[in-house]
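Going by the UniProt record's numbering, 192 is the number at position 192 of the sequence shown; the sequence numbering is gapless. Glycine residues also receive a C-beta, built at the ideal position from the N, C-alpha and C atoms.
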Amino acid sequence: MCWTAKSFVQGLSFSLRYCRKDKHVQALSLHSKIKLNKCHILGWSGSPCNYTMPPGSILSWRLFSCKEGTKINCKREKMTSVTTSERLYQDLLKSEQENWNKISRRYKAMTKRIKEKIEELHNKYALNLESPRVRFGGNIYFEENGCIFCSKADDDEGNARVLFSTEDMGFSGAFIKRIRISPDQRYLATSLKSENSEEATCVIMKLGDDPVVEEVIPNVFSFEWAKNDVLYYTSQKNLKCQNVFMTTFTDEKYTKLVYTEQDARFFVDIYCTKDRRFLTINSNSKTTSEVWLIDCRHPFKLPVLVQARTKGVIYHVEHRNNELYILTSFGEPAEYKLMKASVASTAMENWQLVYALEDKTKLIDLEMFSDHCIMFLQKAGYLYLNVIAFISHSVQSIQLPTWACAFELESHPEHTSSTCYFQLTSPVHPPRRFAYSFKENNLIEQAAEEVPIIMNCHTTRLLAKSKDETLVPITVFHNMNSKELHRKPLLVHVYGAYGIDLNMSFKEENLMLIEEGWILAYCHVRGGGELGLRWHKDGCQHNKIKGVHDLKACIMLLHELGFSQPKYTALTAASAGGVLAGAICNRDPELIRAMVLQAPFVDVLNTMMKTDLPLSIEEQEEWGNPLADEKCMKYIKSYCPYHNIKPQGYPSVFITAYENDQRVPLPGILRYVQKLRMAAQDYASRTREKGNWIPNIILDMQASGSHCDSSWEDSLNEVRSLRCTHAQYCGEVSPQQ
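Shown next as structure tokens:
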């Protein structure tokens with residue numbers, strides 16, 4: 001719930017016009033009915049985590065194209081064409097649904113066994129950690145199972161009062177995304193999001209003996225309290241966020257538009273500095289930033305510009321002792337640096353260097369305290385803490401445990417806190433809690449006995465030499481007791497886009513695969529952010545094919561070193577990772593035997609040619625602009641998965657897609673599946689006398705869920721699809737079993 005460098009999410013434009021009196025009606029049309037009278041809140045519901053992403057990924061979770069739309073002209077022939085197109089789409093959709101229903105019945109018993117095993121692992125390794133807690137004066141606020149609680153800081157008996165419940169407020173099935181408490185603790189603002197929607201609803205509660213709903217604001221992305229009764233928020237629609245509003249809860253309530261972003265490449269969010277001195281309006285594209293300040297002591301004054309946007313320069317702002325601390329890519333090398341400037345002179349020429357990262361070092365996160373700053377870094381696959389002491393002007397570097405691959409700040413620490421709490425994890429290690437004490441100057445692992453240690457899994461870090469001799473990191477996990485690794489199944493993970501790292505957090509299904517002898521390999525190819533901003537730049541736009549070369553080099557090295565072989569190798573990717581996975585599937589299908597994709601982006605060219613889609617203009621900074629540049633169009637076409645399908649021997653493919661996905665529209669995936677299946681069948685018919693097999697091309701369409709959300713069903717699908725393909729081609733069982 002806190003601001004950190006990871007939390008900067010940005011993007012495009014959106015305008016909103018409404019009267020204050022209509023807000024409740026708009027909210028109620030999107031969700032179930034909400035009782036607006038006094039309430040005693042008792043209910044419970046699930047609440048998934050709100051993941052944030054690294055700085056510079058901007059908007060790291062906005063992966064690509066949005067919902068496709070067709071402008072319908074009144075002319076009769078165009079209406080007929082649209083109707084025909086819709087009918088063909090519905091026929092194709094129905095055909096795929098029938099195909100999936102037929103196939104899924106074959107594996108019903110196996111699905112049941114997998115689900116039971118995953119649940120068993122979940123129960124075994126479920127965290128016994130307390131929920132993140134925020135201390136505010138003499139009170140502590142925390143969220144558990146869809147409820148927001150408040151307890152006294154000095155209460156050792158565990159007494160807590162329920163302030164809010166998603167169940168009782170009519171938001172059953174929604175999860176709490178963000179919580180903000182007003183400075184005087186008279187108001188609570190929280191955002192709620194359902195699994196089938198990208199937009200969230202902000203509910204403002206007036207606290208007291210009987211908390212009541214004060215306001216419901218639909219389609220809110222971010223919000224912060226500037227003062228006891230003044231809330232700033234941004235509105236989101238169709239994945240765009242352009243406008244900033246201020247709303248008051250004084251005797252004379254009103255809402256006012258404060259800021260509007262005009263550039264379609266930029267996305268706006270709100271952040272409050274740790275010392276609560278400023279609100280920042282952050283307007284960011286994927287490569288450029290601009291920040292405006294709102295003085296919380298004078299929240300009705302106009303925002304003040306920190307530094308006008310400069311192409312290619314990203315910056316984020318914190319505040320301490322009347323100085324701005326600026327995390328920025330400004331200067332050479334074009335990697336993140338910590339700089340500072342006086343609040344009175346914020347222009348770029350006044351920025352002074354505080355700390356610069358070493359070469360090939362990734363800044364994962366940054367957390368500010370009153371006298372210290374903690375940087376979470378990654379270098380050569382290992383995690384580090386760099387603690388900057390502002391008073392002594394010293395920097396201490398601490399290497400974290402070598403098994404750790406990912407971390408998460410545990411809660412929103414107070415600005416004056418003397419301890420920073422966080423959790424470390426890896427794909428096969430459940431999260432473990434750690435604390436760094438500024439006073440003791442040491443790192444402490446807490447409650448180690450609560451989470452069992454995984455003893456039988458070995459971690460190996462490799463470097464593969466790509467086509468241009470660039471060294472590409474690989475992280476490999478396998479069972480220490482496994483023998484003849486060249487005969488074991490291998491699952492290769494890849495992403496390589498938007499400067500985002502591969503997800504290296506813990507998943508129960510990974511342990512299940514390790515127990516069964518699988519090898520897990522994570523390929524940190526260019527286009528991702530594992531080695532810093534340059535690593536991303538070297539794999540986007542006109543460099544995108546470098547990521548494909550990196551992936552090929554990684555798979556080949558794994559096989560050369562005896563980690564499995566092509567006939568036992570599966571490749572998995574999600575969303576934009578589908579571009580590299582789909583490209584390698586077209587170019588070098590002999591390297592893998594199966595491919596598992598979740599909501600994959602597989603038609604780059606057609607998507608980027610449609611500027612009427614909400615995200616296409618923003619995405620030009622990642623993929624290029626094929627409409628304005630013919631070379632760019634030819635380049636995208638050279639690697640685009642959809643456009644390079646041809647009759648050849650393909651691996652089997654299992655795709656999970658979501659009917660409500662706004663980022664990767666279902667029609668594009670349907671076209672890809674149909675074209676791929678036809679190409680595979682065409683090749684098989686030509687070479688049938690040679691004994692070639694016909695690969696399974698399977699599409700599982702989920703009626704619920706959206707692009708950003710994961711669920712038990714997704715975990716089940718991944719393991720089930722791997723089991724199916726592995727069993728079929730390793731001769732363990734037939735498809736009918």
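- When DSSP states are grouped into helix, strand and coil, Arg-320 belongs to the strand group.
- Judged by pairs of C-beta atoms under 8 Å, the stretch 652-659 does not touch the stretch 610-624, as fewer than three such pairs exist.
- DSSP places Ser-165 inside the beta strand (DSSP E), whose first and last residues are 161-165.
- Within the stretch 227-290, the runs of beta strand (DSSP E) that reach at least 3 residues and sit entirely inside it are, in chain order, 230-237, 240-248, 255-260, 267-272, 278-284.
- DSSP lists Met-701 as the bridge partner or partners of Ala-657.
- In the three-state scheme derived from DSSP, where H, G and I count as helix and E and B as strand, His-298 is classed as coil.
- A buried status is given to Ala-200, since no fewer than 16 other beta-carbon atoms sit within 10 Å of its beta-carbon.
- For Trp-535, the secondary structure class from DSSP, reduced to helix, strand or coil, is helix.
- Note on the stretch 350-383: whole beta strand (DSSP E) runs with a minimum of 3 residues are 352-356, 361-368, 372-379, in chain order.
- In the three-state reduction of the DSSP assignment, Ile-140 falls in the strand class.
- The residues Asp-371, in chain order, have a CB closer than 8 Å to that of Ile-391 in the same chain once the five nearest residues on each side in sequence are set aside.
- Put simply, the backbone Cα of Leu-93 is about 28 Å away from that of Glu-619.
- In this structure, the beta-carbon distance from Ile-140 to Thr-190 does not fall below 8 Å.
- Here the alpha carbon of Gly-381 sits roughly 30 Å from the alpha carbon of Val-604.
- Looking at the DSSP output, Val-203 shares a beta bridge with Thr-190, Val-216.
- Unbroken alpha helix (DSSP H) stretches of 4 residues or longer found wholly inside the stretch 566-604: 577-587, given in chain order.
- About 4 Å separates the beta carbon of Asn-644 from that of Asn-586, a gap short enough to meet the 8 Å contact definition.
- Taking 8 Å as the cut-off, the Cβ atoms of Phe-249 and Asp-229 count as close.
- Going by DSSP, Tyr-683 is part of the alpha helix (DSSP H) stretching over 666-686.
- With a threshold of 16 other beta carbon atoms within 10 Å, Glu-335 meets it and is buried.
- Closest in C-alpha terms to Val-317, from the list Leu-366, Pro-299, Leu-357, comes Leu-366.
- For the set Met-633, Glu-414, Ser-575, Ala-226, the Cα lying nearest the Cα of Val-596 is the one of Ser-575.
- In the three-state reduction of the DSSP assignment, Arg-663 falls in the coil class.
- A distance of 8 Å or more separates the beta carbons of Gln-399 and Tyr-421.
- Residue Pro-566 holds the alpha-carbon nearest to the alpha-carbon of Leu-485 among Arg-135, Pro-566, Lys-675.
- The alpha carbon of Asn-219 has as its nearest neighbour, out of Asp-538, Lys-206, Asn-238, the alpha carbon of Asn-238.
- His-542 is positioned such that its CB atom lies no closer than 8 Å to that of Gly-499.
- In the structure shown, Val-548 adopts helical secondary structure according to DSSP, grouped into three states.
- Leaving aside the five residues that flank His-549 on each side, the residues in its chain whose CB is nearer than 6 Å to its CB run, in chain order, Ser-466, Lys-467.
- Residue pairing for Phe-223: DSSP places it in a beta bridge opposite Tyr-233.
- Straight through space, the alpha carbons of Glu-358 and Arg-677 are spaced by roughly 48 Å.
- Using a C-beta cut-off of 8 Å, the stretch 271-288 makes contact with the stretch 308-326, since at least three inter-stretch Cβ pairs fall below that distance.
- Nearest Cα to Asn-284 within the set Trp-292, Phe-278, Asp-275: Trp-292.
- No Cβ-Cβ contact shorter than 8 Å links Cys-405 with Ser-418.
- Taking 8 Å as the cut-off, the beta carbon of Gly-528 is found closer than this to the beta carbon of Ala-497.
- Distance from the CA atom of Lys-507 to the CA atom of Ile-514, rounded to whole angstroms, is 11 Å.
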